[in-house]
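2 protein chains.
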Amino acid sequence: MCEANVYLINEAGKEELLFELVDKIRPENEKLVLENIFGQQKILSAQIKEMSLASHRVVVEMVKKPE
Amino acid sequence: MCEANVYLINEAGKEELLFELVDKIRPENEKLVLENIFGQQKILSAQIKEMSLASHRVVVEMVKKPE
């Protein structure tokens, strides 16, 4: 199985596990639509920072709002 | 092995195979840095459109320049 774990960089700069067994990832406007192998979705105001498919790892970060 | 094939949507709207056995993907400014399992890189002015990790499929599209 080639699904990935999605990690979110928190305010302290550390990676938190956000969503497991993610199959589909689709950027949509300023959002990221994540879907796991069970068809469950999470939509968040984030962007992809980096991913390594061989390591089953996708790192995302929240989109900073202009101040 | 969980690497993916990266497809680029061409001007005719069809998907062309761009890069095989891609492990790492990293957006950087307006560009996308792709790296395959052999460490070879391709950098292009593109963005991720959608991906399905279970299908080993990543679809990217060129970033449109303002006219």
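Respectively, the protein sequence lines represent chains Y and C. Be aware that the first sequence starts at 717, since it is given in the numbering used here, and climbs by one per residue. Be aware that the second sequence starts at 717, since it is given in the numbering used here, and climbs by one per residue. Beta carbons: idealized from backbone N, C-alpha and C, even for Gly. Since this is a predicted model, take the numbers as computed values, not measurements.
CB contact below 7 angstroms: Ser761 (chain C) versus chain Y: In the second sequence, the residue the question calls residue 761 (chain C) occupies position 45. Taking Cβ atoms only, chain Y never reaches closer than 7 angstroms to Ser761 (chain C), which makes this a no.
Could you give the DSSP three-state label for Glu727 (chain Y): helix, strand or coil? Against the first sequence, residue 727 (chain Y) aligns to sequence position 11. Glu727 (chain Y): coil per DSSP, three-state reduction.
Can you tell me the Cα-Cα spacing of Leu737 (chain C) and Val749 (chain C), whole angstroms? Taking the second sequence and counting its residues from 1, one reaches residue 737 (chain C) at position 21. Taking the second sequence and counting its residues from 1, one reaches residue 749 (chain C) at position 33. Cα to Cα, Leu737 (chain C) sits roughly 14 angstroms from Val749 (chain C).
For a contact meaning CB atoms closer than 8 angstroms, what does Met778 (chain C) contact in chain Y? Translated into the one-based positions of the second sequence, residue 778 (chain C) becomes position 62. Near Met778 (chain C) there are no residues of chain Y at all, since even the closest Cβ is about 15 angstroms away, more than 8 angstroms.
What residues in the segment 764 to 777 of chain C have a beta carbon less than 9 angstroms from any beta carbon of chain Y? Ile764, Lys765, Glu766, Met767, Ser768, Leu769, Ala770, Ser771, His772, Val774
What residues of chain B sit near Val738 (chain C), judged by a beta carbon separation below 8 angstroms? Judged by its chain identifiers, the structure shown contains no chain B, and its protein chains are Y and C.
With 8 angstroms as the C-beta to C-beta threshold (strictly closer), list the residues of the segment 717 to 747 of chain C near chain Y in chain order. Met717, Cys718, Glu719, Ala720, Val738, Asp739, Lys740, Ile741, Arg742, Pro743
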